[in-house]
Structures are given as structure tokens and as C-alpha cells.
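Participant: When we follow the numbering used here, the leftmost residue of the sequence shown carries the number 99, and every step to the right adds one. C-beta atoms are modelled at their ideal positions from N, C-alpha and C, and glycine is treated no differently. For reference, the structure I am asking about is given below.
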Amino acid sequence: MNIRDIDHITITVSDIARSERFYHEVFDMPILENAEHPGVMAGKQRIYFVLSDNQPKFHADKPTTGAIDLCVIAKDPMDSIVNHLKSYFVPILEGPSKKEAAHGEVTSIIIQDPDKNLIEVANY
99 MNIRDIDHIT
109 ITVSDIARSE
119 RFYHEVFDMP
129 ILENAEHPGV
139 MAGKQRIYFV
149 LSDNQPKFHA
159 DKPTTGAIDL
169 CVIAKDPMDS
179 IVNHLKSYFV
189 PILEGPSKKE
199 AAHGEVTSII
209 IQDPDKNLIE
219 VANY
């Protein structure tokens with residue numbers, strides 16, 4: 099088996115509309131229209147949103163909000179990313195700082211989404 103990519107990730111959230119709005123407005127991820135599951139596009143991958151009390155037939159053993167640590171790669175300069183997040187009143191928990199990532203060193207910041215999922219925003 100030769101895994102080449104990740105197709106989608108499913109995040110348990112407390113409010114689907116709020117999560118779609120956050121990921122769309124803050125990260126400029128397009129909202130999925132007419133998709134089987136609500137969510138957003140993150141580059142070539144999808145992020146689906148499900149409620150803890152309305153999980154699909156097959157799901158993680160203990161789906162809960164605030165359980166995801168996710169790193170997204172942005173093309174914008176870090177100063178622009180920081181200013182953008184500040185304009186949306188998104189607190190930066192850490193950074194910018196240098197870290198090792200999948201393809202080398204990145205500069206990243208750490209924030210949380212409305213459900214306290216940890217989101218690292220990085221650029222190479």
C-alpha cells in the first residue's frame with residue numbers, strides 16, 4: 099500500500115454553521131456546497147464537521163469537541179497572517195516561532211478554533 103495524500107479529516111464540533119464561518123472567514127477555506135457532509139475545502143483536502151450527537155455510522159471511538167491538533171500551511175507571509183488573525187480577534191497562543199515540519203523548517207503560530215481545537219498555521 100502506498101498512501102499518497104489525505105483526502106479528508108472529520109472534526110467533531112458543537113455548531114456546524116459557526117465552524118464553517120470560522121474556517122471560511124479566518125482561513126479563506128471555501129464552504130462545501132451540495133456535499134454529503136458539511137465542511138470546507140483545505141487545498142485539495144476536505145475538512146468535514148459533525149456534531150457529537152449526530153455522528154456518521156463509522157466514527158472515532160470517543161468523538162468529542164476540542165480533540166484535534168491540526169497544522170495548516172499558508173502561503174502568506176507570517177506578518178500578514180498575524181495581522182489577519184488579529185483583525186478577526188483570534189488570540190495567538192504561541193509564536194511566531196520556528197519548528198520542524200513534514201518538509202523542513204516552518205515558521206508557525208498556534209491558535210484555537212471556536213471548539214478549542216488546536217490549529218497551527220505555518221509557512222515554509
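(1) Taking T163 as the reference, give the member of L149, D174, E192, I104 with the closest Cα.
(2) Excluding the 5 residues preceding and the 5 following E203 in the sequence, name in chain order all residues of the same chain whose CB lies nearer than 8 Å to its CB.
(3) Can you find a heavy atom of the ligand ATP that lies under 7 Å from the Cβ of Q143?
(4) In whole angstroms, what is the alpha-carbon distance linking G64 and D177?
(5) On the DSSP letters alone, give me the boundaries of the alpha helix (DSSP H) that K184 sits inside.
(6) In terms of alpha-carbon separation, which member of R116, D126, D113 lies closest to L183?
(7) Tell me the residue span of the alpha helix (DSSP H) that contains S206.
(8) Between the C-alpha atoms of D103 and S185, what's the straight-line distance to the nearest angstrom?
(9) Just how far apart, CA to CA, sit V180 and F120?
(10) Report the three-state DSSP secondary structure of R102 (helix, strand or coil).
Facilitator: Reading off the structure:
(1) L149
(2) K196, K197, Y222
(3) This structure lacks the ligand ATP, and indeed carries no ligand of any kind.
(4) No answer is possible for residue 64: it lies beyond the span of the chain, which begins at 99 and ends at 222.
(5) 176 to 185
(6) D126
(7) S206 -> not in any alpha helix (DSSP H); beta strand (DSSP E) instead, spanning 202 to 210.
(8) 33 Å
(9) 16 Å
(10) coil
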